[in-house]
Structures are given as structure tokens and as C-alpha cells.
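Written out below as C-alpha cells is the structure these notes cover.
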Amino acid sequence: MSPTPLPHPSRRQLLHGGAAVGLALLATGCATPIGTAKARVVVVGGGWGGIGAARTLAESGQVEVTMLEPHPSFMSSPMSALYIAGLKPLSYLNHSYRNVDRTGVRRVRERATAIDRSARFVQTETQRLPYDYLVLSPGIEYMEESLPGYAEGRDRLPVGFRAFEHEAVRQQADAFLSQGGIYVMTVPRPPYRCPPAAYERACMLAEQMQRRRTRGKIVIVDANSDPTPAPTARSIVHAMETLYPNEIEYRRDLVPSRIDAARRVLSTPEGDINYTVANIIPPMRAPGLIRQAGLGERWASVHLPSFRSTADPLVYVIGDAQGSILPKSGHVAHGAGMQVAKEILGLVAGRPEPAPAPGTTVALPGGICWAKVNEKSAIMVNVSASMQIGQAARLSFEVDPQHNARSKQGSLEWAQLMWGTMLG
92 MSPTPLPHPS
102 RRQLLHGGAA
112 VGLALLATGC
122 ATPIGTAKAR
132 VVVVGGGWGG
142 IGAARTLAES
152 GQVEVTMLEP
162 HPSFMSSPMS
172 ALYIAGLKPL
182 SYLNHSYRNV
192 DRTGVRRVRE
202 RATAIDRSAR
212 FVQTETQRLP
222 YDYLVLSPGI
232 EYMEESLPGY
242 AEGRDRLPVG
252 FRAFEHEAVR
262 QQADAFLSQG
272 GIYVMTVPRP
282 PYRCPPAAYE
292 RACMLAEQMQ
302 RRRTRGKIVI
312 VDANSDPTPA
322 PTARSIVHAM
332 ETLYPNEIEY
342 RRDLVPSRID
352 AARRVLSTPE
362 GDINYTVANI
372 IPPMRAPGLI
382 RQAGLGERWA
392 SVHLPSFRST
402 ADPLVYVIGD
412 AQGSILPKSG
422 HVAHGAGMQV
432 AKEILGLVAG
442 RPEPAPAPGT
452 TVALPGGICW
462 AKVNEKSAIM
472 VNVSASMQIG
482 QAARLSFEVD
492 PQHNARSKQG
502 SLEWAQLMWG
512 TMLG
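Residues in the sequence shown are numbered from 92 upward in steps of one, following the numbering used here.
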């Protein structure tokens, strides 16, 4: 008898990740009410977290909001496996910022190049943007130096873990599915963006191998002993072993030592792998902007539950760039963005909440994600987060024991609900 799927989350749970977004605010000596002039808030990044913050702030009408985002439209990485596997068009992931603009957000299509915290401005290619509060949601960058040879072959090695990289990954996947051979995929040690995504991508491509009768194999070179995060391992391994025993070869505890993109060779401690296509997923870190501003090293250091920078009380860091235990997922980033916006609005209005007493339990932004394993089924991963003031944050996982059709339908509903909330 198959294990019973977890209950399908309600609309409220889908929006808040199965846990109430914690709005306990820390008044740690940062700001006083701005007065008659509207406070200026600059939001760096137009992804899940940045939109959550910018739209919540702008809809209040209480502050002036500038969102820095160089791309002309929003591109979702969650759900991208459907596009890479050829099941959805690129337009499924790509959405206009039109309705974000209508809320009053001033959107600047430039990249933040530097932050001057003492003078309180963000530098772009052409201008300085002054701020009273700064919200950073810049995403991640790849640690290219971690794998010798990667930087030299970068143009031949699309990763697909950042927006607007999916088309190159799709092209390589199509080439592999047409000609066959070896599709090698590497998985780094955490923390990195959306840990189940690599295994999801492998499964979705393996299903296409069966459909198209592609001769070859997908070789997963995993630096971990099991799929991550750990609570998902059993469900993901079960899916790979039962659905794709001939298509997926899963190699554990194996860290690649070098890649030669010209020769198509990935070197590992267990020998070389000659490949047809390589999807190398390097270790990740916060973008260099975080280090330039003195906000952290690999990841930005933040106070929880507020997401304030430990280096500057006027700066908040959300999304994947922040260095807490929270999952690096779009859903969590969006919840954090809304939470931070509400805190800033309270500060601007002179209504900071009192700091919770030590030992008080507060909720943190949670998130739901879905590891799809074929066109008809998926694994739901529901993460709740909380902390006692003065102690470390804690995560709680609910994971489908096995892939099922209900969770696949849930993933589609979740995507439409989240995109509608963010961009509709």
C-alpha cells in the first residue's frame, strides 16, 4: 500500500509557506520617524524577495520606493524544470513588471555596483540613489574558483540556477535528448539555492529520455551522501530508483576536482567522466555587492527575526543572499520581503514594535516547494521556521513520503497563486 500524500495546503498556507510570517519587530536603535517628507527606500533586486518588499512598501503610499533590477521582466527559476524538459514554453516563467510599476514603485533598469553606507546611497552605472532604508535581495553568484577549469569553459557550461539562464540549459538538454550520450550533473554541498532542484531537473530529463528513447545516461555527481535537504532524501531516491533505474546513475560523496570543457571531461577522485553535456552546479555565495558593502563574507550576516544587517540597522538583507538557516527559496524570500517592508513602514510611522522578550517564540517566513519527478507527479516539501528570541532558528519539514499526482497539481496551483500575488 502506497504512503498517503500529505494534505494539500490551503490558499493561506501556500501564500505563507505553512507558517505565519513572523512580524515580531526589533527596535534596535536604528531609525526615528522621518517627519513630513516621505522616507526613501531602495530595494536592490526584482526577484521574489525584492518584489515582496517593493510592492508591499509602495502599496502603503507611505514611502518612496525605488527598485533596482536590470532585466526588463521577471523570470521565475521555480518551475523552470517544466521548461527545461520541454513541457512548458518560456513565457510560462516570464512575467511583466507592469502591475508592480502601477503600485508606484520606481523601477530602475540598472545594476547596483556599490553601496556607500556612511553616505547612504546606492551607486549604479549612471547614478547615485540616496536611501533612508535599504533592502537587499540580490540573489546569488557562483563560486567559479571552486572547480578548476570552470571559468575557462563558462560559456559552454550554463548552470540554470539564476533567472534568464534557462534557455541555454534547455538548448543543451534538447541536444542531449536528440543525440544521446552522457549528461553529467554536479550537486554542491549546501547552502545553495533550491537544493531539490538538481534532482528534479534530472528526473524530468530522464522522463524525456524514456519518451524519446534517448540512448545514454544522466550521471549525478553529488558532493553529498544523499539528496539535500536531508528530509527529502528518501522520497527523491525512491523516485530516481523506481522511475529511472536505467536512465539515472547517482554517485554519492563525490566532489569533482577539475573540468575541461573543450575536451568534455569532468575529473573526480574516482576517475574521469567523459560527457556529452555538462550541467555543472557550482557552490554559491552572495553577490560581491554584499562584500563590497561590508555586510558579510560568503553570505550576509543578519539578525533574526528582523533580517536587519548585523553591520547596519538601516540595511535589511533577504532572499538567498542572507546567511541564516532559512532555506534559499523563492517562497521564503517573498515572505521575508513582505515582513521587512512592514517593519520599515512601522519605523517610518514611529510605531516600532517592542522587542520580544528573551525566550519568546516567533514565527519566521516559511516556504513550500515541489520537486517534480515526471509530468504527472511531484514531491511536496513544506518548511516551517521559528525561533526563540536569543536562540538559533529551527526548521520543521513536512515531505511527501512518495511522489504523487496531487502534489503535481498543487505545484501548478502554487505557481499561479504566487505569481498572481507578486505580479498580478
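Positions of the beta carbon are idealized from the N, C-alpha and C atoms, including for glycine.
Curious, which full-length beta strand (DSSP E) runs of at least 3 residues does the stretch 214-296 contain?
Listed in chain order, they are 219-221, 224-227 and 272-278.
Let me check understanding here. Comparing Cα to Cα, which of Ser-468, Glu-489, Pro-161 and Ser-477 lies closest to Glu-291?
Looking up residue 291 in the sequence shown gives position 200. Considering only alpha carbons, the answer is Ser-468.
Rounded to a whole number of angstroms, what is the C-alpha to C-alpha distance between Ala-476 and Gly-458?
What you label residue 476 is simply residue 385 of the sequence shown in a count that begins at 1. What you label residue 458 is simply residue 367 of the sequence shown in a count that begins at 1. If you take the alpha carbons of Ala-476 and Gly-458, they lie about 9 Å apart.
Report the three-state DSSP secondary structure of Gln-479 (helix, strand or coil).
The sequence position of residue 479 within the sequence shown is 388, counting from 1. In the three-state reduction of the DSSP assignment, Gln-479 falls in the strand class, which pools E and B.
Smallest Cα separation from Leu-405: which of Ala-412, Ser-397 and Asp-411?
Counting from one through the sequence shown, the residue named residue 405 turns up at place 314. Minimum Cα distance to Leu-405 is reached at Ser-397.
According to DSSP, which residues form a beta bridge with Thr-512?
As a first step, residue 512 must be located in the sequence shown, where it is residue number 421. Note: Thr-512 sits in no beta bridge, so no partner.
Taking one C-beta from the stretch 140-147 and one from the stretch 424-435 each time, how about it: are there three or more such pairs within less than 8 Å?
yes
With distances taken between CB atoms, is the gap from Leu-238 to Val-199 smaller than 7 Å?
One-based indexing of the sequence shown puts residue 238 at position 147. One-based indexing of the sequence shown puts residue 199 at position 108. Going by C-beta atoms, Leu-238 is not nearer than 7 Å to Val-199.
Which residue from Gly-136, Cys-285 and Ala-242 puts its Cα closest to that of Gly-251?
Here residue 251 refers to the residue found at position 160 when the sequence shown is read from its first residue. Nearest of Gly-136, Cys-285 and Ala-242 to Gly-251, Cα basis: Cys-285.
Status (buried if at least 16 other CB within 10 Å, exposed otherwise) for Asp-246:
The count along the sequence shown starts at 1 and reaches residue 246 at position 155. By the neighbour-count rule (16 or more Cβ atoms within 10 Å), Asp-246 is not buried but exposed.
Are Ser-420 and Val-408 touching if we call contact CB-CB under 7 Å?
In the sequence shown, counting from the first residue as 1, residue 420 sits at position 329. In the sequence shown, counting from the first residue as 1, residue 408 sits at position 317. Not closer than 7 Å, so no.
Residue of Tyr-241, Gln-430, Leu-417 and Gly-136 minimising C-alpha distance to Ile-381:
By 1-based counting over the sequence shown, the position of residue 381 is 290. Of the candidates Tyr-241, Gln-430, Leu-417 and Gly-136, the one whose C-alpha sits nearest the C-alpha of Ile-381 is Gly-136.
Under the rule that 16 or more other beta-carbon atoms within 10 Å means buried, what is Arg-303, buried or exposed?
Numbered from its first residue, the sequence shown carries residue 303 at position 212. Flag for Arg-303 reads exposed.
How is the alpha helix (DSSP H) around Ser-171 delimited, first residue to last?
Residue mapping note: residue 171 aligns to position 80 of the sequence shown, counting from 1. Note, Ser-171: alpha helix (DSSP H), 171-175.
Starting from Val-328, follow the beta strand (DSSP E) in both directions and report where the run begins and ends.
One-based indexing of the sequence shown puts residue 328 at position 237. It is not in any beta strand (DSSP E) - Val-328 instead sits in the alpha helix (DSSP H) that spans 324-334.
What span of residues does the beta strand (DSSP E) with Thr-452 cover, start to end?
The residue labelled residue 452 in the question sits at position 361 within the sequence shown. Run containing Thr-452: 452-465, per the beta strand (DSSP E) assignment.
Thr-123 - DSSP class collapsed to helix/strand/coil
Within the sequence shown, the letter at position 32 stands for residue 123. For Thr-123, the pLDDT reaches just 37, beneath the cut-off of 50, and the residue's location in the model is therefore unreliable, although a value from the coordinates is still provided. It is coil, neither helix nor strand.
Taking 6 Å as the limit between beta carbons, can you name the residues of its chain near Ser-358, skipping five residues before and five after?
Working through the sequence shown from its first residue, we reach residue 358 at position 267. Same-chain partners within the cutoff: Ser-348 and Arg-349.
Buried or exposed by the 16-neighbour rule on C-beta atoms within 10 Å, applied to Gly-387:
Taking the first residue of the sequence shown as 1, we reach residue 387 at position 296. Around the beta carbon of Gly-387, 16 or more other beta carbons sit within 10 angstroms, so the residue counts as buried.
Member of Gln-214, Ala-293 and Tyr-283 whose CA lies at the smallest distance from the CA of Glu-232:
On the sequence shown, residue 232 is found 141 positions in, with the first residue counted as 1. Glu-232 has its Cα closest to that of Tyr-283, out of Gln-214, Ala-293 and Tyr-283.
DSSP three-state call for Tyr-188: helix, strand or coil?
Residue mapping note: residue 188 aligns to position 97 of the sequence shown, counting from 1. Coil.
Pair within 7 Å by beta-carbon distance, Pro-373 and Pro-229
Here residue 373 refers to the residue found at position 282 when the sequence shown is read from its first residue. Here residue 229 refers to the residue found at position 138 when the sequence shown is read from its first residue. Not a contact, by the Cβ cut-off of 7 Å.
Val-439 by DSSP, collapsed to three states: which one?
What you label residue 439 is simply residue 348 of the sequence shown in a count that begins at 1. If DSSP states are grouped into helix, strand and coil, Val-439 belongs with the helices.
For the alpha helix (DSSP H) containing Ala-149, list its first residue and its last residue.
The sequence position of residue 149 within the sequence shown is 58, counting from 1. Note, Ala-149: alpha helix (DSSP H), 139-151.
Taking the C-alpha atoms as reference points, what is the distance between Leu-184 and Pro-449?
Numbered from 1 along the sequence shown, position 93 holds the residue referred to as residue 184. Numbered from 1 along the sequence shown, position 358 holds the residue referred to as residue 449. Rounded to whole angstroms, Leu-184 to Pro-449 spans 43 Å at the Cα level.
Measure the alpha-carbon distance for Ala-353 versus Gly-244 and round it to whole angstroms.
Residue numbering aside, residue 353 sits at position 262 when the sequence shown is read from its first letter. Residue numbering aside, residue 244 sits at position 153 when the sequence shown is read from its first letter. Taking the straight line from one Cα to the other gives about 7 Å.
Measure the CB-CB distance between Leu-248 and Ile-327 and report whether it falls below 7 Å.
Counted from its first residue, the sequence shown places residue 248 at position 157. Counted from its first residue, the sequence shown places residue 327 at position 236. Taking 7 Å as the Cβ cut-off, Leu-248 and Ile-327 do not qualify as a contacting pair.
Classification of Gln-299 by the beta-carbon crowding that lies within 10 angstroms, buried from 16 upward
Here residue 299 is taken as the residue at index 208 of the sequence shown, counted from 1. Classification of Gln-299: buried, given that the 10 Å Cβ count is 16 or more.
Leaving out the 5 sequence neighbours to the left and right, which residues in its chain are closer than 6 Å to Gly-272 when beta-carbon positions are compared?
The sequence position of residue 272 within the sequence shown is 181, counting from 1. Apart from the 5 residues on each side of it in sequence, Gly-272 sits with its Cβ closer than 6 Å to the Cβ of Gly-307 and Thr-367 in its chain, given in chain order.
Enclosing alpha helix (DSSP H) for Leu-380 [first to last residue]
Within the sequence shown, residue 380 is the residue found at index 289, counting from 1. Here the alpha helix (DSSP H) through Leu-380 covers 379-383.
Could you pull the DSSP bridge partners for Ile-364 from this structure?
The count along the sequence shown starts at 1 and reaches residue 364 at position 273. Paired residues: Leu-357.
With DSSP collapsed to three states, give me the class of Gly-307.
Reading the sequence shown from its first residue, position 216 is the one you call residue 307. Three-state DSSP puts Gly-307 in a strand.
Using the rule of at least 16 other Cβ atoms within 10 Å of the residue's Cβ for burial, across every protein chain shown, is Ser-333 buried or exposed?
Translated into positions along the sequence shown, residue 333 becomes position 242. Ser is not the amino acid found at residue 333; the sequence shown has Thr there. Exposed, since its Cβ has fewer than 16 Cβ neighbours within 10 Å.
The beta strand (DSSP E) enclosing Val-346, as first and last residue numbers:
The sequence position of residue 346 within the sequence shown is 255, counting from 1. Unbroken run through Val-346: none, as it is neither H nor E.
Relative to the C-alpha of Asp-313, which candidate in Pro-447, Val-346 and Glu-258 has its C-alpha closest?
Within the sequence shown, the letter at position 222 stands for residue 313. The residue with the shortest Cα to Cα distance from Asp-313 is Val-346.
Does the stretch 315-331 touch the stretch 201-220, meaning 3 or more C-beta pairs lie closer than 8 Å?
no
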